[in-house]
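Residue numbers (our numbering): 1081 to 1337.
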């Protein structure tokens, strides 16, 4: 009867459309594989590297773009709006050795600007850990009780308390204090804080499982299932969240976690 014929027709249309979508998806997957190589060629003084790093030729294939390949010193920006760092090395364990020239100038000037956390972006998908760091308390008032081996005063407005790098700070944060973590050179045994800190440091890059799967597929980094299904491009915005841009529709999807 007419109802059965319409049902068969609807099923046939659905089947044809679904097959076309599958073919389109497969074609896009092949295009992604062509676009994103499994590794990237040497850049300046750096040997070849892999995801989550990428180069200026394939900015869509990673989370951090290695820049200045034709210059004496290569550089990288860890977040979309963060500062640039000089890159000294990219290791096989996906850690990077950087130089922060602004931080070095603060240390040379023995400036209180030295005692601020590094501008390291962090999200549920991408974060960084300073491999060798010194934890210290920065307080707005002097502590009555001696909690650390050393202390320093900055312009009579900030009071810094710290130990040697191999000595842990008390686990409880004192009132009116903030915890600061800065890169340290553990071979320097001086109690002079400006001498202990260093502008050359290694960061361990921590990428979540979803983005690592991209490496093995040689594809682009899709943070969420919707972005993956739509074959979108993922980027990190200036707030550390992932932005998924769909290549076919131009629609941008913002994902918070």
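Quick reminder that beta carbons are idealized off the backbone N, C-alpha and C, glycines included.
Give the straight-line distance between the Cα atoms of residue 1268 and residue 1215, rounded to the nearest whole angstrom. Distance between the alpha carbons of residue 1268 and residue 1215 is about 16 Å.
Whole angstroms is fine: what's the gap from residue 1234's alpha carbon to residue 1219's? Each residue's Cα considered, the two are about 10 Å apart.
Rounded straight-line distance, which links the Cα of residue 1244 to that of residue 1178: Roughly 23 Å separates the two Cα atoms.
Is residue 1141 near residue 1122, with beta carbons less than 9 Å apart? Between residue 1141 and residue 1122, the CB-CB gap reaches or exceeds 9 Å.
Opening and closing residue of the alpha helix (DSSP H) in which residue 1213 lies: Residue 1213 -> not in any alpha helix (DSSP H); beta strand (DSSP E) instead, spanning 1213 to 1219.
Looking at the secondary structure, which residues open and close the alpha helix (DSSP H) in which residue 1202 lies? That residue, residue 1202, is in no alpha helix (DSSP H); it is neither H nor E in DSSP.
Reducing DSSP to helix, strand and coil, say where residue 1274 ends up. In the structure shown, residue 1274 sits in a helix (DSSP, three-state: H, G or I).
Candidates 1151, 1211, 1198, 1193: which alpha carbon is nearest residue 1238's? Nearest in C-alpha terms to residue 1238, of all of 1151, 1211, 1198, 1193, is 1193.
What number of angstroms, rounded off, separates the C-alpha of residue 1247 from the C-alpha of residue 1137? So the two alpha carbons sit approximately 45 Å from each other.
Nearest neighbour of residue 1162, chosen from 1195, 1180, 1274 [CA to CA]: Taking only the C-alpha atoms, the option nearest residue 1162 is 1180.
Strictly under 9 Å for the Cβ-Cβ distance: is residue 1250 near chain C by that measure? No chain C is present in this structure, which holds just one protein chain.
Which runs of the alpha helix (DSSP H) at least 4 residues long sit entirely within the stretch 1155 to 1198? Give them in chain order. Listed in chain order, the complete alpha helix (DSSP H) runs (minimum 4 residues) inside the stretch 1155 to 1198 are 1181 to 1188.
In the DSSP output, what is residue 1117 paired with across the bridge? Paired residues: none, contrary to the question.
Does DSSP classify residue 1283 as helix, strand or coil? Per DSSP, reduced to three states, the secondary structure at residue 1283 is strand.
For the beta strand (DSSP E) that contains residue 1145, what are its first and last residues? 1144 to 1147 is the span of the beta strand (DSSP E), which, as asked, contains residue 1145.
What separation, rounded to the nearest whole angstrom, lies between the Cα atoms of residue 1253 and residue 1259? Between residue 1253 and residue 1259, the C-alpha separation is close to 7 Å.
Could you tell me the distance, in whole angstroms, from the CA atom of residue 1139 to the CA atom of residue 1145? Roughly 6 Å between the two C-alpha positions.
First through last residue of the beta strand (DSSP E) which encompasses residue 1265: Run containing residue 1265: none; DSSP gives neither H nor E here.
Identify every residue that forms a DSSP beta bridge with residue 1256. Residue 1256 has no beta-bridge partner at all, per DSSP.
Answer yes or no: do residue 1126 and residue 1158 have a C-beta to C-beta separation smaller than 9 Å? Their beta carbons are not under 9 Å apart, which means residue 1126 does not touch residue 1158 by this criterion.
Determine the closest residue to residue 1227 out of 1251, 1160, 1213, 1167, with distance taken between C-alpha atoms. It is 1251.
Please return the same chain residues whose Cβ sits closer than 8 Å to the Cβ of residue 1092, not counting the five positions on each side in sequence. Counting only residues of its own chain and dropping the five nearest sequence neighbours on each side, residue 1092 has no CB closer than 8 Å to any other CB.
From which residue to which residue does the beta strand (DSSP E) around residue 1130 run? Per DSSP, residue 1130 belongs to no beta strand (DSSP E) and is neither H nor E.
Whole-Å CB distance - residue 1119 paired with residue 1284, under 8 Å assumed: By a beta-carbon distance limit of 8 Å, residue 1119 does not contact residue 1284. Their separation comes to about 20 Å.
Starting from the C-beta of residue 1184, find all residues in its chain whose C-beta is less than 6 Å away, skip the five residues before and the five after it, and write them out in chain order. Excluding residues within five positions, the ones whose Cβ falls inside 6 Å are 1279.
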